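Numbering (my numbering), first residue to last: 37 to 311. Beta carbons are placed, not taken as given, at the ideal position from N, Cα and C, and that holds for glycine. All of these numbers come straight from a predicted model, not from anything done at the bench.
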Amino acid sequence: MGYRTEANVMRTTQIERIDDEHQLVKTLHFKDPLCAKAEPGQFIMVWLPGVDEIPMSISSTHLDRMAAITVGKVGEATKTLHKMTKGDLIGVRGPFGNSFKPVGGKVLIVGGGTGIAPLAFLLERLVATAQNIKCFLGAKNRRELLFHSRIRSLLARKVAAEIKTSTEDGSLGHKGLVTELVEAELTAHSVDMVYACGRESMLLEIFHLAQKHKVPLQVSLERIMRCAIGLCGSCSIGKYRVCADGPIFTDTQLAEVAGEFGLLKRDFDGRRIST
Ligand SMILES: Cc1cc2nc3c(=O)[nH]c(=O)nc-3n(C[C@H](O)[C@H](O)[C@H](O)COP(=O)(O)OP(=O)(O)OC[C@H]3O[C@@H](n4cnc5c(N)ncnc54)[C@H](O)[C@@H]3O)c2cc1C
Ligand code: FES
């Protein structure tokens with residue numbers, strides 16, 4: 037992608053609505069015709085003047101030229117977004133990157149933490165294409181399980197659909213890691229595609245399980261992003277740039293970058309550090 041594209045022009049927009057998902061996550065809705073055309077898996081750069089510009093996946097789009105991002109509070113920029121109120125201004129560039137490819141057949145969706153955000157958006161497409169959908173959601177505890185009711189109501193449109201949850205403290209569903217549910221599922225049933233987003237250690241485990249059971253995989257990767265258009269190299273993984281070649285990668289591509297996936301990333305100074 038070149039830098040002189042319509043998507044790469046910074047636009048300012050007002051926050052129109054804020055949903056408190058839980059103590060650490062908020063969904064911010066804003067009007068932007070380009071973001072409203074985003075496909076599930078694509079991301080935008082959100083500019084907070086005097087603070088930072090950070091990448092965020094689109095978590096939903098609406099017919100009235102509205103889009104939303106779902107923000108976990110982790111550091112300075114995301115804390116600033118959490119303090120914002122209706123009518124405050126943000127800058128947006130994008131949408132950037134590729135998107136999840138919806139398929140037919142039996143699909144398994146696996147999300148952890150705020151990684152569930154782009155998957156809930158994907159699910160809106162999958163209910164039209166897939167014959168059977170299983171959705172496994174993981175969180176530290178019941179309160180931090182994102183979009184549980186949104187996903188339940190989307191799956192209610194489908195006859196063959198199931199939702200399972202895992203929490204590290206056992207407050208809802210399986211006590212333990214969501215990858216344990218994935219392992220049991222892939223051992224017992226055939227699956228045509230796995231979609232996953234969450235911590236890279238979780239994605240690496242899912243990659244190994246998918247390889248073992250010979251199931252194709254699409255995952256969303258995160259790296260430090262600055263330009264978002266393939267120029268600066270801060271998001272590189274092996275021969276790929278996550279912003280331009282991803283953020284969605286297949287099992288075949290992940291195998292090509294096995295020396296870095298789940299192991300190494302670049303820090304803000306460009307040094308390689310462990311993930
Ligand atoms: C393609 C993509 C999509 C993302 N989608 C979401 C989303 O939907 N919801 C969500 O809550 N978060 C998402 N993130 C992560 C989000 O960008 C970071 O949490 C955010 O940039 C942290 O900024 P901060 O100033 O609050 O925290 P900082 O104090 O800067 O950092 C806190 C943590 O976030 C990581 N981080 C910081 N800046 C970046 C950056 N520019 N790119 C990637 N990681 C960074 C740091 O390594 C650190 O571990 C996404 C990241 C990428 C790359
Ligand atoms: S963020 Fe600059 S190359 Fe990807």
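_Neighbourhood of Cys-271 by C-beta, 7 angstroms cutoff - its chain only, sequence neighbours within 5 removed_ = Arg-259, Ile-260, Met-261, Arg-277, Val-278, Cys-279
*Below 7 angstroms between beta carbons: does that hold for Val-214 and Phe-172?*
yes
*Just mark Gln-59 as buried or exposed, buried being the case when its beta carbon has 16 or more other beta carbons within 10 Å.*
exposed
*From which residue to which residue does the alpha helix (DSSP H) around Pro-154 run?*
Where Pro-154 is concerned, the enclosing alpha helix (DSSP H) starts and stops at 152-165.
_Secondary structure, alpha helix (DSSP H): runs of 4+ residues fully inside the stretch 234-311_ = 236-248, 278-281, 287-292
_For Glu-57, the three-state DSSP class (helix, strand or coil)_ = Strand.
*Mind checking whether Ile-54 and Val-82 have CB atoms under 7 angstroms apart?*
no
_Am I right that Thr-150 and Thr-121 are in contact with their C-beta atoms under 8 angstroms? What's the rounded C-beta distance?_
Thr-150 to Thr-121, Cβ: 21 angstroms. No contact.
*Alpha carbon to alpha carbon, how far is Ala-224 from Arg-129? Give it in angstroms, no decimals.*
43 angstroms
*asked:* Out of Ser-226, Thr-203, Lys-176, which one is the CA nearest neighbour of Gln-167?
replied: Ser-226
*Around ligand 1, which residues pass a check of Cβ closer than 5 angstroms to any of its heavy atoms?*
Phe-79, Ile-90, Pro-91, Met-92, Ser-93, Val-107, Gly-108, Val-110, Gly-111, Glu-112, Ala-113, Thr-114, Thr-150, Ala-153, Glu-258, Ile-260, Met-261, Pro-283
*Do Leu-253 and Ala-246 come within 7 angstroms of each other at the CB atom, strictly closer than that value?*
yes
*Coil, strand or helix - Val-143 by DSSP*: strand
_Length of the line joining the Cα atoms of Asp-281 and Phe-183_ = If you take the alpha carbons of Asp-281 and Phe-183, they lie about 28 angstroms apart.
_Just verifying my parser: in three-state terms, what is the DSSP assignment at Thr-97?_
strand
*Contact between the stretch 68-85 and the stretch 39-58: three or more CB pairs below 8 angstroms?*
yes
*Should Gly-266 be counted as a contact of ligand 2 given a C-beta to heavy atom distance under 6 angstroms?*
yes
_Between Phe-79 and Phe-132, how many whole angstroms is the CB-CB distance? I'm expecting something under 8 angstroms._
6 angstroms
_I need the straight-line Cα distance from Ser-93 to Val-255, nearest angstrom please._
Distance between the alpha carbons of Ser-93 and Val-255: 13 angstroms.
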